[in-house]
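Numbering (this note's numbering), first residue to last: 305 to 883.
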Amino acid sequence: MSNQITGAQSLVKALENAGVDVMFGIPGGAILPAYDPIYDSKIRHILVRHEQGAGHAATGYAQATGKVGVCIATSGPGATNLVTPIADAQMDSVPIVAITGQVPGPAIGTDAFQEADIRGITMPITKHNYLVTDPAEIPRAIAEAFHIASTGRPGPVLVDIAKDALQKMTDFNYPKTVQMSGYAPKTSPDAKAVAEAASLIAQSKKPVFYVGGGVIKANAHRELLHLAELVGAPVVTTLMARGAFPDSHHLHLGMPGMHGTVAAVTALQKADLLITLGARFDDRVTGKLSTFAVHARVIHADIDPAEIGKNRFADVPLVGDVGETMRALVPALKTEFTKQKPDLTEWWRQMGGLRSKYPVGYDVPANGEVSPQQVIQRIGEIAGPDSIYVAGVGQHQMWASQFIKYENPRTWLNSGGAGTMGYAVPAAMGAKVGAPDKTVWAIDGDGCFQMTNQELVTCALNNIPIKVAIINNESLGMVRQWQTLFYNERYSNTSLESKRIPDFVKLSDAMGCVGLRCESPADIDKTIKEAMAINDAPVVVDFRVYRDAMVWPMVAAGTSNDDIMVARETAPDWDSQEL
Numbered sequence: 305m306s307n308q309i310t311g312a313q314s315l316v317k318a319l320e321n322a323g324v325d326v327m328f329g330i331p332g333g334a335i336l337p338a339y340d341p342i343y344d345s346k347i348r349h350i351l352v353r354h355e356q357g358a359g360h361a362a363t364g365y366a367q368a369t370g371k372v373g374v375c376i377a378t379s380g381p382g383a384t385n386l387v388t389p390i391a392d393a394q395m396d397s398v399p400i401v402a403i404t405g406q407v408p409g410p411a412i413g414t415d416a417f418q419e420a421d422i423r424g425i426t427m428p429i430t431k432h433n434y435l436v437t438d439p440a441e442i443p444r445a446i447a448e449a450f451h452i453a454s455t456g457r458p459g460p461v462l463v464d465i466a467k468d469a470l471q472k473m474t475d476f477n478y479p480k481t482v483q484m485s486g487y488a489p490k491t492s493p494d495a496k497a498v499a500e501a502a503s504l505i506a507q508s509k510k511p512v513f514y515v516g517g518g519v520i521k522a523n524a525h526r527e528l529l530h531l532a533e534l535v536g537a538p539v540v541t542t543l544m545a546r547g548a549f550p551d552s553h554h555l556h557l558g559m560p561g562m563h564g565t566v567a568a569v570t571a572l573q574k575a576d577l578l579i580t581l582g583a584r585f586d587d588r589v590t591g592k593l594s595t596f597a598v599h600a601r602v603i604h605a606d607i608d609p610a611e612i613g614k615n616r617f618a619d620v621p622l623v624g625d626v627g628e629t630m631r632a633l634v635p636a637l638k639t640e641f642t643k644q645k646p647d648l649t650e651w652w653r654q655m656g657g658l659r660s661k662y663p664v665g666y667d668v669p670a671n672g673e674v675s676p677q678q679v680i681q682r683i684g685e686i687a688g689p690d691s692i693y694v695a696g697v698g699q700h701q702m703w704a705s706q707f708i709k710y711e712n713p714r715t716w717l718n719s720g721g722a723g724t725m726g727y728a729v730p731a732a733m734g735a736k737v738g739a740p741d742k743t744v745w746a747i748d749g750d751g752c753f754q755m756t757n758q759e760l761v762t763c764a765l766n767n768i769p770i771k772v773a774i775i776n777n778e779s780l781g782m783v784r785q786w787q788t789l790f791y792n793e794r795y796s797n798t799s800l801e802s803k804r805i806p807d808f809v810k811l812s813d814a815m816g817c818v819g820l821r822c823e824s825p826a827d828i829d830k831t832i833k834e835a836m837a838i839n840d841a842p843v844v845v846d847f848r849v850y851r852d853a854m855v856w857p858m859v860a861a862g863t864s865n866d867d868i869m870v871a872r873e874t875a876p877d878w879d880s881q882e883l
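Shown next as structure tokens:
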């Protein structure tokens, strides 16, 4: 009697062996053979309303839990609808595995119905990808995909499987270990480089910890706290690193970058040493690269050797797991500090002065309308630092990064590198599935919300009670802000009329959610608390806010961080700061 099973059964068994507990997807012709054994599997499958939602949900799940997220789609348009979330995961180093069906092997290359070369399409935006035409190769491909996605620098892996490979009979052999020639991420930093880094830190007078999302990916927030307190230097956390270091800590200067705090931006600009941990010197942090931190030497710790020196020369490269690197730095620093320890008194006088003089703040609208910043700040204060906050992209994203206080890692989820509108609702859904006991707030804009809100139907039907705050300024707000500042207030195609159509409360009710509305500053707290009290259904709140609120501070694209504006047409007088 044969013990053979179908390739589809082999796929599902492989996913079970990989430890998958949930996946997000939609069936279709090429992937349909896999959906029959999914019916009997212990893996929870959540039927989304659009494949893009499946991809972002997998990302939200991965970001909230640290585990690999899984999405599944059919061939052709099903697969191409995953391209945006795959690119998003690649930019933000999120471990997801995307499984797609493909037309039968003999039909590949014939322009068959619903055929797309998804492997070729995603080659530049995946860490690795596979086309499987032999059912015997399915278990190995899945095992390798999960290994690649979750080790080294995390990222997305795509496994495209031909329909006939799912239908054919095969033996199931899941590999006990995964060893791949050419893929062996280096986790331990070079001892000599660690000693050099410790020496540089001991000699510095103006050091700054420049912390990126890699610290969260490496689960190294405790090591960061220990190292930062040992050195006593200022800490800045990028958009992707919010929560890696507690906002309440006295060493924290906030977020650097285009909409970072004056103190954080200036600390990087005026530093003599950047202790760079899991960050990549992207343009939103550096501004005009040739003017960025021109007097600073650079220690750059990263698991990905391709990042070292990519944008900025590293005086001391530390290739390896950032947690291991920080653990190695502590004893090396203690040895150095017995000989010499930096006196950071003057440096802190300057940075502390900037932190006090330029706190992140906002003006309450004079006409009595609702302040979007106040809404977001109060959501953070009422829901607390143990909740998970998931933002779309635009002004509301920046305000959520500025006005919610983050104390813990994996409590701030957003699309940083790709800047994907429509990320928030499906990513919040994935986060809530991964962390069902946590309150999950999606902070979304009316523009972003209208791209993927259909996943609220998925949430309602699958008992995934997320909470959504629509920051409704009836505009593509960030684009409108740029039009205000740089295009003489010529508002070309940025007005959404979202306070008129659609009625978000009715729309939410129609999708099985509880719809609420807030139009008065006096009702902000009451409305948030009403939303917090509802935990048996998704809640959507239409916060009708002041249209012309802007995100400050701001470094205009392509300009120097030295030209940071704290209000319209203003910039701090750096010369007077004695820096």
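The beta carbon of each residue, even a glycine, is placed where N, CA and C say it ideally should be. These numbers were taken from a predicted model, which means no experiment stands behind them.
Exposed unless 16 or more other CB atoms sit within 10 angstroms - verdict on residue i
i, result
"F585", "buried"
"D879", "Bear in mind that a pLDDT of 47 at D879, under 50, signals an unreliable position, so the number given afterwards is only what the model happens to contain. Exposed."
"P331", "buried"
"S919", "Limits of the chain in this structure are 305 at one end and 883 at the other, which puts residue 919 out of reach."
"S705", "buried"
"R804", "exposed"
"M304", "The requested residue 304 is not part of the displayed model; the chain covers only 305 to 883."
"K661", "exposed"
"T363", "buried"
"H553", "exposed"
"F790", "exposed"
"K638", "exposed"
"Y343", "exposed"
"I868", "buried"
"F617", "exposed"
"Q701", "buried"
"K496", "exposed"
"A814", "exposed"
"S824", "exposed"
"P635", "exposed"
"M395", "buried"
"A537", "buried"
For residue i: DSSP bridge partner residues
i, result
"L717", "V694"
"N671", "Answer is none; N671 lacks a bridge partner."
"E779", "The sequence given here places Ser at residue 779; Glu does not occur at that position. Answer is S799."
"M473", "T310"
"D464", "T404 and L435"
"H349", "M327"
"V623", "D606"
"M484", "Y487"
"T541", "V515"
"G373", "I400"
"R601", "L577"
Supposed contact pair residue j and residue i - C-beta distance, whole angstroms, cut 8 Å
i, j, result
"V372", "P399", "5 Å"
"V540", "N865", "About 12 Å; that fails the 8 Å criterion."
"E640", "A506", "4 Å"
"L555", "A312", "Going by Cβ atoms, the distance from L555 to A312 rounds to 53 Å, so no, they are not a contact pair."
"H563", "M858", "6 Å"
"Q915", "R353", "Residue 915 cannot be examined here, being either before or after the span of the chain that is shown, 305 to 883."
"K742", "D690", "7 Å"
"I775", "V849", "6 Å"
"A318", "I429", "A318 to I429, Cβ: 24 Å. No contact."
"W703", "I680", "5 Å"
"K271", "V744", "Summary: the structure shown does not reach residue 271, with the chain confined to residues 305 through 883, and so no result is reported for it."
"P410", "K467", "Actually they do not touch by this definition, with Cβ atoms about 10 Å apart."
"C752", "M733", "14 Å between Cβ atoms; not a contact."
"F476", "I309", "6 Å"
Check whether the region 523-540 touches the region 486-501, counting contact only when three or more Cβ pairs, one atom from each stretch, lie closer than 8 Å. Counting Cβ pairs under 8 Å, fewer than three are found: no touch.
Given 8 Å, three or more beta-carbon pairs between the region 506-519 and the region 474-485: Output reads no: the region 474-485 does not touch the region 506-519.
Between the region 722-737 and the region 555-572, are three or more C-beta pairs nearer than 8 Å? No, the region 722-737 is not in contact with the region 555-572.
Within the region 557-596, note down every full alpha helix (DSSP H) run reaching 4 residues or more, in order along the chain. DSSP runs (the alpha helix (DSSP H)) wholly in the region 557-596: 566-574 and 587-590.
Restricting to runs no shorter than 3 residues, where is the beta strand (DSSP E) found entirely within the region 414-440? Along the region 414-440, the beta strand (DSSP E) occurs as fully enclosed runs of 3 or more residues at 432-436, listed in sequence order.
Can we say the region 446-466 touches the region 606-614, given the rule of at least three CB pairs closer than 8 Å? Put simply, the region 446-466 touches the region 606-614. At least three CB pairs are less than 8 Å apart.
In chain order, each alpha helix (DSSP H) run of at least 4 residues that lies wholly inside the region 812-875: Entirely contained in the region 812-875, the alpha helix (DSSP H) runs reaching 4 residues are, in chain order, 828-837.
Below 8 Å, how does it come out for the region 778-791 and the region 727-741: are there three or more Cβ pairs, yes or no? Result no; under three Cβ-Cβ pairs closer than 8 Å.
Where are the beta strand (DSSP E) runs, 3 residues long or more, that stay fully inside the region 737-794, in chain order? Counting whole runs of 3 or more residues, the region 737-794 contains the beta strand (DSSP E) stretches 744-749 and 771-776.
Meets three-Cβ-pair contact criterion under 8 Å: the region 805-824 and the region 650-659: Short answer: they don't touch.
At a cut of 8 Å, does the region 413-432 reach the region 378-389 through at least three beta carbon pairs? They touch, by the three-pair rule.
Decide if the region 818-838 is in contact with the region 664-679; the criterion is three or more beta carbon pairs, one per stretch, under 8 Å apart. Enough Cβ pairs lie closer than 8 Å, so yes.
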